[in-house]
Each structure stands twice: as C-alpha cells, then as structure tokens.
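Comments concern the structure below.
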Amino acid sequence: MAITSDEMPAMHVVVLGAGGGPDEADTTAFLVRPTAAGWGKGSVMGVDGGVGISKMKKILKKHKVIVHSKNGKQTNGATLIDGPFEGLDIPHVSPGANARYMYVELIDAFLFTHPHMDHIAGAVINTAVNGLTRQKRYAGLPNTIEGLKNHIFNGVIWPNLTDENNGAGMVSYVRLVEGGSPAAGEGDSKGYVDIVPGLGVKALSISHGTCMERHPRRGSTPLPSPSHADNQHLGSSFPNTRMARSDSNASANLDPSVPRLTGLSHQTIQCVYNSTAFFIRDTNSGREIIIFGDVEPDSISMLPRNENVWAMAAPKIVSGHLTAIFIECSYDDSREDDQLFGHMTPSHLMVELKNLADMVARSRNSELHSQTMSPKRKRTSNGNGSMSAAKALRQESPARSDSPGRQTVFRSPQKVEKNYTRPGRRHALSGPSQTPAGNKSQEDRAEEKLSRPLDGLKIIITHIKNELDDERDAPEIIRKQLRDLEKEAGLGCEVIVSHSGQALYF
C-alpha cells in the first residue's frame, strides 16, 4: 500500500556530522530512530561515527530544557523542548554528562559504510567511556568489519575491545549479508535484519574509488573472493574498455585489503575500494530511507554498482515507501574527474539521479500497465519493490555514459534556505510534495508523476569537503549547482544540504 503525505513521520534522523573533512569536528555521523519507539533505551542506531559524544554535547548546549519538579521542588532531570533531540528526557545537569547518558543508554548499535577515519573516529574513541552495561554492536558488510578488526581494534591503533581474538568484549561485530539476509523477515521485510528494535537494514556494496599499488609478481593474481562474490551477486562485468578508461580516472584510496582486479600491467595491481549503501526500513510503517557511504559515479568507476541500488530503490519510490536518499557530493563542478578520489560532484550526482529517474519512470509505467490488464494476467506485487522488479530494471538500465551528454554541467546559482523542521503532519521534510493537489484529477496526478519521476523524494547531501576558504563557501556553491541542475532536469526531487545539528523526519 502506498504511503500518503498525511501520515505522521516514521523515522527521525539527527545529523551529528555532515562534512567530509578537513574539519575533524564535522565528519560523517547520523543517528536514526523509529519515532514509534520514542527515546527508549537502545532505540537509536548510529550510521557511521566520524563524530560522537563531543558533537552531542555541543548540540545539547544550544537547546532549552524544562526542569522536572514535584510539589514546587526541583527533581533530577529535565526534558529538551527544542532542537534535534526535542522530547528527550535527560537525567543530568551538564551537557557532557547527558551526552554520555545518550551514548551509553540510547545507542546500542552502529552501521558503518566503510572504515575510513572520517566515518569511524568518533565511534572508536567513544568506546573509552565508563559505565557500559551492554555491548555496542558494530554492523557492516564483511569487508568493513575486517577493516575495523584488522586495522583499528588490533591492539596497535586501538585496544582490542571487541569479543573476537580474546578482546575485552565491549564491542560485538555484526557481519551483514550483501543484498540482504535470505533468512531474515518475510513479505515486505524480506532480507532486512533488525539492528535496533523497529529498524531493519539491508546493505548493498558500492564503489569508492580505485588505487594503484606495487606488488612484485602479482600482476596476474586471480580476483580475490570478496570482489568475485560481489561480481557474481550483482551481475557486474569488467569489460577491458572500462578497465582501460578507469586508469585515467583512478581515485587514490590506499587500503591493501581491498579487492584487486587483474589483467593490468605486470607489477601494478588496480583495486576497488568498497563502501556501502544502507536501505533502512521502519518495520511499523514500511517507510524507508537510503544512506550512502562515500561513493563515486558509475560513469567513471572501474566497478560501477550504483545502478544496483537504483534498481532496488525504484519500485520503492513508486510505491511511496522510499522517501529520502542521503548521498554525498564532496566537491563542486570545478573539480576534475581525475581528482575526485572516489567522490561525487553535482553534475555526476545529477547523472546518477537521472538514471534513478529513468528506472522509476519505467517502474511506474509498468505499474500503470498492470492496472489495465485483466486480473488473471496481473502479477502480484508487495508494494515495497520485489527483487524481480529490481532485476528487470537493472537489466533495462540505460547504457552507462561514455557519451558527452552525460557530462553536461549547468550553472545558474539560486539562493536557498537552510532546512530544520519539527515533527508534524505536513512539514517540509516528510510530505512528498508541496504542490496543492486538491483540484487535480487522478489522471493529472499520474501524468505529473511521469513527467517528474522523483517528485516528493528528498535528496539529502552529505560529506561536502569544506575548503575553509573565505572566498569559497563550498556547501553554498554545491547547493546552488545542484538546485540548478535539478531544475534543468525537472526530476521533481528536493535537494537539501545537510548540516550538523539538523533534525529530519520521514
């Protein structure tokens, strides 16, 4: 069943850190909770942890509380009455003590998209907090967990606080299955693993750049199993033309454990760095969001995998279940492709969104066609997007762009406002459209959906690399470029640049 705009928001996302460096106090971190759970114990899930307790403390300092009292006398605790943690009961006086309380009592698990420092540093350092009574669960795809295990919690970079290799047992790893667990859930929730009560998660691998490394006598080493498994699962191929083209667009990520591709020159081995896109589903309402880790465009990737995410997302957008996508845009359009280092620019991101829009349009056309068929010929659909639908869209996806048209850049700056909302029925970040529809016929609305395929979808921009330059405001430049590109493309989505301390409801 499609979700309507009048429903209350199902998920609450707090942006702790929105940037991608070089400012270490604003690196990627989100808190996600199902609104139905309130602010209960263990109800909050972290997604990446570039910052943590320090940022919660800073946010708490800025917002008002109502102090609890009984019979005219002050008692312990207070309730936050504004800001991103509005409605949260806090037991202490100082922001630091309350931030510690939030970390210890509310956050039971973290999802990690990949183990780069700007996505893990805060969460790692926060493990030194006193008073933990429950393990923190660190969830991610196996290559992410292995990176944390081998290179962070190894007794050298940081003590082994995990429950593996005779560690202290304060952290437990959860290795997610690529594409969703076949044993988890049923019906619409098939494949989604509950990480905290009320939130199910499905993970897909994406690509975050390439690197060139020197390894004697390893030029013909067979493709290691992690990348091979990904290739088999995702149906990706590695044509020689793409491998050759990617040499000039290679992004420099230096992780010796990432998958390598063979067939290149002698002692030089090219490798793909894995990141993750998480589908996060509110189990009560079926509402979903996607949070991307760092990601590069398919058009210049040695291993293009974004189209697999879009194929899974498209039917969910048509049904109204998928309402927001958090995705990075690290640089503005002045950045050359060979200097992207596995990241996005506005023009590249808009190409990706056009690919998504194409899949959504085909999915919506297919749905409209099925409605005109006789009941005997209709195929049943779960509304949340079946795997067969995603597979069909992936097979029909447009050819990846080697064409000049896919590299067009439009620049026409326009001023936009910052976004902050409190929960409500029809606020700017939860309703699918701000266009009045009362006088529109069903046919008119259907036609509008076809002409603006991403209408109602929120695109939340993350990981902007602020240049700390008086003359260049990177977030504002990227915001203007994206807004103009979207206006030119007419996709219908709303572009929102995230910032620390922001509350988003979906």
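Straight run, no breaks: the sequence shown in numbering that gives the first Met the number 0 ends on number 505. Just so you know, even glycine gets a beta-carbon here, dropped at the ideal spot from N, CA and C. Model, not experiment: these values are computed from the prediction.
| Item | Value |
| --- | --- |
| DSSP-derived helix/strand/coil call for Pro33 | strand |
| Contacts around Tyr102, its chain only, beta-carbon distance under 8 Å, and the 5 residues preceding and following it disregarded | Gly51, Ile52, Met55, Asn125 and Val128 |
| Rounded separation between Lys148 and Ala360 - CA only | 42 Å |
| Cβ contact (3+ pairs, closer than 8 Å) linking the segment 276-288 and the segment 312-324 | yes |
| Segments assigned beta strand (DSSP E), at least 3 residues, entirely inside the segment 301-372 | 321-327 |
| Exposed unless 16 or more other CB atoms sit within 10 angstroms - verdict on Asp337 | exposed |
| First through last residue of the beta strand (DSSP E) which encompasses Gly171 | Note that residue 171 is Ser in the sequence shown, not Gly. Per DSSP, Ser171 belongs to the beta strand (DSSP E) from Val170 to Arg174. |
| Own chain residues within Cβ distance below 8 Å of Gly489, not counting five before or after | Ser450 and Arg451 |
| Same chain, Cβ closer than 7 Å to Glu104, neighbours up to 5 away in sequence not counted | Lys40 |
| His342 and Val14 closer than 9 Å at C-beta | no |
| Asn283 versus Phe111 - alpha carbon distance | 24 Å |
| Bounding residues of the alpha helix (DSSP H) (the contiguous stretch that carries Thr143) | Pro141 to His150 |
| Secondary structure of Asp281, DSSP reduced to three states | strand |
| Ser287, DSSP secondary structure in three states | A small correction: the amino acid at residue 287 is Glu; Ser does not occupy that position in the sequence shown. Glu287 falls in the strand class under three-state DSSP. |
| Candidates Phe152, Ser204 and Pro196: closest to Leu175 by CA position | Ser204 |
| Close Cβ partners of Val494 (< 6 Å) along its chain, the five nearest in sequence each way excluded | Ile458, Leu481, Arg482 and Glu485 |
| Beta-bridge partners of Cys210, as assigned by DSSP | Cys270 |
| Beta-carbon gap between Gly16 and Thr26 smaller than 9 Å | yes |
| For Tyr137, the three-state DSSP class (helix, strand or coil) | strand |
| Start-to-end residues for the beta strand (DSSP E) that takes in Val46 | Val43 to Gly48 |
| Whether Leu140 touches Asn307 by CB criterion (9 Å) | no |
| Boundaries of the alpha helix (DSSP H) in which Ile299 is found, first to last residue | Careful: Ile299 lies outside any alpha helix (DSSP H) and carries neither H nor E. |
| Helix, strand or coil at Gly16 according to DSSP, with G and I counted as helix | strand |
| Assigned exposure category for Glu351 - 16 Cβ within 10 Å defines buried | buried |
| Inter-residue spacing [alpha-carbon to alpha-carbon] between His62 and Leu79 | 7 Å |
| Exposure of Leu467, with buried meaning 16 or more beta-carbon neighbours within 10 Å | exposed |
| 9 Å Cβ cutoff met for Ala502 and His11 | yes |
| Spatial neighbours of Gly179 in its chain, beta-carbon cut-off 6 Å, leaving aside the 5 residues before and after | Gly190 and Lys201 |
| Simplified DSSP assignment, three categories, for Gly95 | helix |
| Ile156, DSSP secondary structure in three states | coil |
| Distance between Thr275 and Gly491 (C-alpha atoms, nearest Å) | 26 Å |
| Per-residue DSSP class, three states only, for Gly186 | helix |
| CA-to-CA distance, Gly76 to Val170, given in whole angstroms | 29 Å |
| Whole-Å CB distance - Asp117 paired with Gly19, under 8 Å assumed | 6 Å |
| Nonlocal neighbours in the same chain, by C-beta distance under 7 Å from Glu366, ignoring five residues either side | Val317 |
| For Gly199, the three-state DSSP class (helix, strand or coil) | strand |
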